[in-house]
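Q:
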Amino acid sequence: MNDMIFSPIDKRQLIQEIAEEVASRIIPELQPGTPDDELIQIPEAMKLLGRSRTTINNWRREGFLKEQVINTRVYFKKSDILNAGHQKNGRKK
Numbered sequence: 001m002n003d004m005i006f007s008p009i010d011k012r013q014l015i016q017e018i019a020e021e022v023a024s025r026i027i028p029e030l031q032p033g034t035p036d037d038e039l040i041q042i043p044e045a046m047k048l049l050g051r052s053r054t055t056i057n058n059w060r061r062e063g064f065l066k067e068q069v070i071n072t073r074v075y076f077k078k079s080d081i082l083n084a085g086h087q088k089n090g091r092k093k
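Residue numbering for the sequence shown follows full-length UniProt numbering, starting at 1 and increasing by one per position.
1. By alpha-carbon positions, which one of LEU14, PRO43, ALA19 and PHE64 ends up nearest to HIS86?
2. Starting from LYS77, follow the beta strand (DSSP E) in both directions and report where the run begins and ends.
3. Quick one, which of GLU38, ILE26 and ASN83 has its alpha-carbon nearest TRP59's?
4. So, do the stretch 61 to 79 and the stretch 37 to 45 have three or more beta carbon pairs nearer to each other than 8 Å?
5. So for GLN68, helix, strand or coil by DSSP?
6. What are the boundary residues of the alpha helix (DSSP H) that includes PRO43?
7. Who are the Cβ neighbours of ILE70 in its own chain at under 7 Å, not counting the five residues just before and after it?
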């Protein structure tokens, strides 16, 4: 069975362009992150920031902390936690 592709470019070039696009999206995900990009959970975030679980959860709800949910567990990038601490500690409560 022949596959029909209606494109102004030939099949090999189309395959190459698709492969390059896929690679450009996948390769950054496979690169090892910096130590500050490691994912941490709420208890470690609490220790790093010196804040309570309630404060962390409030910051999550406000959108101040970006969370990543993986299999119902909440994670944060360590770099985001450190940046949040610097931003919030500079403000008066």
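Positions of the beta carbon are idealized from the N, C-alpha and C atoms, including for glycine.
Computed from a predicted model, the values in this text were never measured in an experiment.
A: With the given structure in hand:
1. By 1-based counting over the sequence shown, the position of residue 86 is 86. With distances taken between Cα atoms, HIS86 lies closest to PHE64.
2. Position 77 of the sequence shown, counted from the start, is the residue given in the question as residue 77. Run containing LYS77: 73 to 77, per the beta strand (DSSP E) assignment.
3. Working through the sequence shown from its first residue, we reach residue 59 at position 59. Out of GLU38, ILE26 and ASN83, ASN83 has the C-alpha closest to the C-alpha of TRP59.
4. yes
5. Here residue 68 refers to the residue found at position 68 of the sequence shown. GLN68: strand per DSSP, three-state reduction.
6. By one-based count along the sequence shown, residue 43 stands at place 43. Looking at the DSSP string, the run of the alpha helix (DSSP H) that includes PRO43 is 42 to 49.
7. Translated into the one-based positions of the sequence shown, residue 70 becomes position 70. Around ILE70: no qualifying Cβ.
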